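S.K.: Take this structure first; my questions come after.
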Amino acid sequence: MMIFENFPLICSLAAILFTQALKYPIAIFSKDKKTSLSIVTTTGGMPSSHSAAVSSLITALILQYGIGSGYVAIATTFGVIVMFDSMGVRRQSGEQGIVLIDAIKELNRLSHKFPKNETELKAEEDDEKVYPEEMTVKKYLGHKPLEVFVGLLTGIFVTFIVRLFYEQI
Numbered sequence: 002m003m004i005f006e007n008f009p010l011i012c013s014l015a016a017i018l019f020t021q022a023l024k025y026p027i028a029i030f031s032k033d034k035k036t037s038l039s040i041v042t043t044t045g046g047m048p049s050s051h052s053a054a055v056s057s058l059i060t061a062l063i064l065q066y067g068i069g070s071g072y073v074a075i076a077t078t079f080g081v082i083v084m085f086d087s088m089g090v091r092r093q094s095g096e097q098g099i100v101l102i103d104a105i106k107e108l109n110r111l112s113h114k115f116p117k118n119e120t121e122l123k124a125e126e127d128d129e130k131v132y133p134e135e136m137t138v139k140k141y142l143g144h145k146p147l148e149v150f151v152g153l154l155t156g157i158f159v160t161f162i163v164r165l166f167y168e169q170i
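Residue numbers (this note's numbering): 2 to 170.
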C-alpha cells in the first residue's frame, strides 16, 4: 500500500497512538488510582500527543530530506504553533472548565441549603431541564509545559523506532 511508503505520516500517526496509549499508565502511576481508561481518547494529559505528532513529523522530515528542506521549515513552523497553542489557549480553556465545574458544584450545594418556595418549584417544573455539568469544558483540554516537552521527546523517540522497522524492510 502506498500509505506505508509515507515515512513521515506513519511516524506521526505512530507517535499519536503511542502517546495516547501511554497516558493511562502514566496517570495511574503519577496521579490517581481512579483514573479512567477513557483518558486514552481525550486531549490533554501527559505526554502531549499533539507535540509528539509534530515533533515526530519534523524528525522524520529531517531524516528523509535534510534539515535545510522547505518541508522541515513548514513542519517546524506548524509544530511550534501547535505546541504553543496547546499550552496557551487550550490550557486556559481547560482551567476555565475546572473553575466552571467547581462553581456549579458550589451552586448545587447552596441550592440544597436554601429550599425553594412553591412558585420557584412550579417555574422550575415548567422550564426545560439543563444540566450545566454536561456543558462545561473538559478539564483535560490543554497541556502544561512539561507535558509538551515530554511529548516532543516521545515523538523523536518514536520516529527513530519506526525508522528501525523501515530499515528492516
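Every residue, glycine too, gets a C-beta built ideally from N, C-alpha and C. Keep in mind it's a predicted model, so treat the numbers as computed, not measured.
Could you please give the first and the last residue of the uninterrupted alpha helix (DSSP H) stretch that includes I68?
M.R.: That residue, I68, is in no alpha helix (DSSP H); it is neither H nor E in DSSP.
S.K.: With I27 as the anchor, note down where its alpha helix (DSSP H) starts and where it stops.
M.R.: F8 to S31
S.K.: Which term fits K24, buried or exposed, when burial requires 16 or more other beta carbons within 10 angstroms of its beta carbon?
M.R.: buried
S.K.: Compute the beta-carbon to beta-carbon distance between S56 and G80, rounded to the nearest angstrom, for a pair I have assumed lies under 8 angstroms.
M.R.: 6 angstroms
S.K.: Please classify I68: is it buried, with 16 or more other beta-carbons within 10 angstroms of its beta-carbon, or exposed?
M.R.: exposed
S.K.: Under a three-way DSSP split, which group does T42 fall into?
M.R.: helix
S.K.: Which of helix, strand or coil does DSSP assign to I48?
M.R.: Here residue 48 is Pro; the residue named in the question, Ile, does not match the sequence. Coil.
S.K.: Rounded to the nearest angstrom, what separates T36 and P26 at their Cα positions?
M.R.: T36 and P26: Cα-Cα distance of roughly 9 angstroms.
S.K.: Of the residues V100, F158, L165 and G46, which one's Cα is nearest the Cα of G16?
M.R.: In the sequence under discussion, the amino acid at residue 16 is Ala, which differs from the Gly named in the question. Nearest of V100, F158, L165 and G46 to A16, Cα basis: F158.
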